[in-house]
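Please read the structure below before turning to the comments.
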Amino acid sequence: MTKILEKLIIILSLFYFVNNCSNSESQKITPSYSSINVDTPRDRYNSLLGYELQKLTKNTIHNEKYNLSASIKYNSQNVLNVRGLDSLNEIEGSISYKLINSKSKKLIKQGKVIKRINHGSISSLYGKNQNLNHMKERLVKSLSKSIYNQIKLYLN
Numbered sequence: 045m046t047k048i049l050e051k052l053i054i055i056l057s058l059f060y061f062v063n064n065c066s067n068s069e070s071q072k073i074t075p076s077y078s079s080i081n082v083d084t085p086r087d088r089y090n091s092l093l094g095y096e097l098q099k100l101t102k103n104t105i106h107n108e109k110y111n112l113s114a115s116i117k118y119n120s121q122n123v124l125n126v127r128g129l130d131s132l133n134e135i136e137g138s139i140s141y142k143l144i145n146s147k148s149k150k151l152i153k154q155g156k157v158i159k160r161i162n163h164g165s166i167s168s169l170y171g172k173n174q175n176l177n178h179m180k181e182r183l184v185k186s187l188s189k190s191i192y193n194q195i196k197l198y199l200n
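Heads up: the sequence shown begins at 45 in our numbering, then just goes up one per residue.
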C-alpha cells in the first residue's frame, strides 16, 4: 500500500511540475489593434497577399483607421533563347494598391509596385509548375514588404 502511495505521489508531483513549467504566455492570443484593414480579391495569390499584408500591419497603430485595397497580377515572357533549345523566362509581378481613410473616404496614397524574377528552363512539367508557383509566392512576399514600407513611410 505504501509503495502504491509513493508512486502516486511521485506521478502527481511529476505531472504538477511538467504542467507548471510549460510556457503559458506563448499560448495567449493577443488581439490585433491594427489601424489598417486589408482588402484583396479572393483568388489564391491575392489571398496570400492579404495574409502577408495583415501579418505585416497587425501591430500598426495610428490615430486614423485606413482601408488598404490591393491586387496582384502576373505577366510572363521569354527573354532569352539559346539556339532554340532552352529559354530564360521572366515573370513580372505587379501590385496595384490604394490606401483610403475609413472615416472621410479620402484617397491617401495610391500606387503600383513591380518586381521581376528571371528563371531558367526545367525539363519536367511538374517541375515547371512547382517552380512557377514558388516564384509567384516569393513575389507576393517581396511585393507586400515593399508596399508595407511605402505605407509606413507615408504614415510616419
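Glycine residues also receive a C-beta, built at the ideal position from the N, C-alpha and C atoms.
None of these values were measured; they are calculated from a predicted model.
Check: 8 angstroms Cβ shell around GLU108 - same chain, five flanking residues per side excluded; Outcome: SER79, ASN145, SER146 and LYS147
Check: Three-state class that DSSP yields for GLU108 in the structure shown; Outcome: coil
Check: N-terminal and C-terminal residue of the beta strand (DSSP E) that LYS159 is part of; Outcome: 151–163
Check: Spatial neighbours of GLN194 in its chain, beta-carbon cut-off 7 angstroms, leaving aside the 5 residues before and after; Outcome: GLY155
Check: Euclidean distance between Cα positions of GLN98 and LYS47; Outcome: 57 angstroms
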